[in-house]
Amino acid sequence: MKFVDEVSIHVQAGDGGNGCMSFRREKFVPNGGPDGGDGGDGGSIWLEADSNLNTLVDYRYTRRFNAQRGQNGGSKDCTGSKGEDMTLPVPVGTTVIDAGTQEIIGDLTKDGQRLLVAMGGWHGLGNTRFKSSTNRAPRQTSHGKPGDARDLKLELKVLADVGLLGMPNAGKSTLIRAVSAAKPKVADYPFTTLVPNLGVVSVDRMKSFVIADIPGLIEGAAEGAGLGIRFLKHLARTRLLLHLVDMAPLDESDPAEAAAAIINELGRFSPALTQRDRWLVLNKADQLLDDEREERMREVIARLDWKGPVYVISALEREGTNQLCHDIMRYIDERTQRIAEDPAFAEAVVALDQQIEDEARARLQELDDARALRRSGVKSAAAVEDEDDDFDDDEDDGDGPEIIYVR
43 MKFVDEVSIH VQAGDGGNGC MSFRREKFVP NGGPDGGDGG DGGSIWLEAD
93 SNLNTLVDYR YTRRFNAQRG QNGGSKDCTG SKGEDMTLPV PVGTTVIDAG
143 TQEIIGDLTK DGQRLLVAMG GWHGLGNTRF KSSTNRAPRQ TSHGKPGDAR
193 DLKLELKVLA DVGLLGMPNA GKSTLIRAVS AAKPKVADYP FTTLVPNLGV
243 VSVDRMKSFV IADIPGLIEG AAEGAGLGIR FLKHLARTRL LLHLVDMAPL
293 DESDPAEAAA AIINELGRFS PALTQRDRWL VLNKADQLLD DEREERMREV
343 IARLDWKGPV YVISALEREG TNQLCHDIMR YIDERTQRIA EDPAFAEAVV
393 ALDQQIEDEA RARLQELDDA RALRRSGVKS AAAVEDEDDD FDDDEDDGDG
443 PEIIYVR
């Protein structure tokens, strides 16, 4: 199944039914009074989180959804039937955004959680509603109100306790295969992982956590190189990041430089995300001798000026993975307990999570705007200045008009 984590849809709630103008007509009943009924309410549109879904692919091609309209009122005080509500299932972890205002309407983070995104129109009134002692034969009715119409953007962020971060071929997929039942693709070429993968790690009886593997990053990913940074948003809701570093890369590159590049790209995507608790995991230790292993570890720690926890493992041989999983479980339990007991810490965690969400959304919107400009053939002034310096005579243009060049 194709993995889709961003879609745009249009929802149109049902209009309310119109009121009816009618008068009673029966044999032997002269001068019958008004008996026009009200219309029915229009159907509303709801989004509901469904744990059985893991992608938004259902909304990739079908993007317009219309709820049922309320029926018009009838004679003999008959009220029109109400339009049926429409419920759209989405994966757990879906954020709903108004495409016009960029306002976050809601966040569906629990299975079965429902969110009203378009309210159905109110019903119109029949002429029976307008009768009075002075208006015995009213001819007034009211029309049903139109239903809400909205353009929505749905963003899926996978819900995981631990997120894996690292260069391509750092061993992220191998690690998630070693510690969980997930079976992501593993191969000896870069960008084997094209979509996020989730795995449940069982540590002890009734104790487990969810680990997420995202496609690898490369230097320049913040500007769209490689697979870009769009999948980094899936790390926004994690509690802990594991930064995997290949200790014995096949291209004989410097592991410390690779680790520094990832940290730099992480900061360019979201400075707040760099404040998330992060552990350094040096992988592929089985390919080095003991002396080389210690030397590489000390070199990476010194070059990065690393102060946090450090683990040396071999995901392929499952060396050190058991201890790593137990330490992660202990960290999650302690963090949960501290959030429950320390209101100040809980408030700081919520603030950091919100800051990461805001920065990630702003960065992705910036990339989308730049892509739209490129497709339309419009270049920014900065891009033109980089391409052609002949027009730059180091003269002050003052407050003149901004010039946009078109190919």
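According to our numbering, the sequence shown holds residues 43 to 449 in order.
Backbone N, C-alpha and C fix where the C-beta goes; we use that ideal spot for every residue, glycine too.
Check: How would you label Ser222, buried or exposed, when you count the other beta carbons within 10 angstroms and need 16 or more for buried?
Finding: Buried: at least 16 other Cβ atoms inside 10 Å.
Notebook entry, point to check: How about Met371 and Asn325: do their beta carbons lie closer than 9 Å?
Noted result: no
Next item on the list: Pick helix, strand or coil for Val200, following the three-state DSSP scheme.
Entry: coil
Item checked: Inter-residue Cα distance where the pair is Gly125 and Pro72 -> 36 Å
Notebook entry, point to check: Glu359: which of Pro291, Gln329, Arg67 and Val352 sits nearest, CA to CA?
Noted result: Gln329
Note to self: Cutting at 7 Å between CB atoms, please list the residues of its own chain near Asp77, excluding the five before and the five after it.
What the structure shows: Listed in chain order, the non-local C-beta contacts of Asp77 below 7 Å within the same chain comprise Ser64, Phe65, Arg66, Ser117, Lys118, Asp119 and Thr170, local neighbours out to five positions each way being set aside.
Check: Going by DSSP, what residues sit across from Asn108 in a beta bridge?
Finding: Gln54
Notebook entry, point to check: Residues in its own chain within less than 6 Å of Asp319 by CB, not counting five upstream and five downstream?
Noted result: Leu282
Notebook entry, point to check: Could you give the distance in angstroms between the alpha-carbon of Leu217 and the alpha-carbon of Tyr103?
Noted result: Their backbone Cα atoms lie some 35 Å apart in a straight line.
Notebook entry, point to check: For Ile146, which beta-bridge partners are listed by DSSP?
Noted result: According to DSSP, Ile146 bridges with Ile139.
Next item on the list: Measure the alpha-carbon distance for Gly75 versus Thr183 and round it to whole angstroms.
Entry: 15 Å
Check: What is the DSSP secondary structure of Ala393, reduced to helix, strand or coil?
Finding: helix
Next item on the list: Note down the Cα distance separating Arg377 from Leu207, rounded to an integer number of angstroms.
Entry: 21 Å
Check: Between Ile381, Asp296 and Leu315, which lies nearest to Glu341 when the distance is taken from Cα to Cα?
Finding: Asp296
Next item on the list: Drop a sphere of 10 angstroms on the beta-carbon of Asp293, count the other beta-carbons inside from all chains shown, and report buried for 16 or more, exposed for fewer.
Entry: Asp293 sits exposed, since fewer than 16 C-beta atoms from the chains shown fall within 10 Å of its C-beta.
Next item on the list: Rounded to whole angstroms, what's the CA-CA distance from Arg247 to Gly362? Just pull it up for me.
Entry: Rounded to whole angstroms, the gap between the alpha carbons of Arg247 and Gly362 is 20 Å.
Check: Could you check where the beta strand (DSSP E) with Lys249 kicks off and where it finishes?
Finding: Lys249 to Asp255
Check: Can you name, in chain order, every residue of its own chain whose Cβ lies under 6 Å from the Cβ of Gln54, other than the five neighbours on each side?
Finding: Asn108 and Ala191
Next item on the list: Determine which residues share a DSSP beta bridge with Phe528 and list them.
Entry: The structure shown does not extend to residue 528, since the chain is modelled only from 43 through 449, so no value can be given for it.
Margin query: Assuming Gly465 is part of the alpha helix (DSSP H), what are its boundary residues?
Written below: The requested residue 465 does not occur in the structure, where the chain is confined to residues 43 to 449.
Item checked: Distance, Asn177 Cα to Ile139 Cα -> 48 Å
Next item on the list: Pull up the distance between the alpha-carbon of Arg105 and that of Glu399, whole angstroms please.
Entry: Going by the C-alpha atoms only, they are around 25 Å apart.
Margin query: Please report the distance separating the alpha-carbon of Ala402 from that of Phe311.
Written below: 7 Å
Note to self: For a test of the three-state rule: what should DSSP assign to Glu294, helix, strand or coil?
What the structure shows: coil
Item checked: Nearest to Met128 (by Cα), restricted to the options Asp332, Gly186, Ile87 and Asp255 -> Ile87
Item checked: For Met161 and Ile374, the rounded distance between their alpha carbons -> 40 Å
Checklist line | Per-residue DSSP class, three states only, for Val46 | finding: When DSSP states are grouped into helix, strand and coil, Val46 belongs to the coil group.
Next item on the list: Identify every residue that forms a DSSP beta bridge with Tyr353.
Entry: Val323
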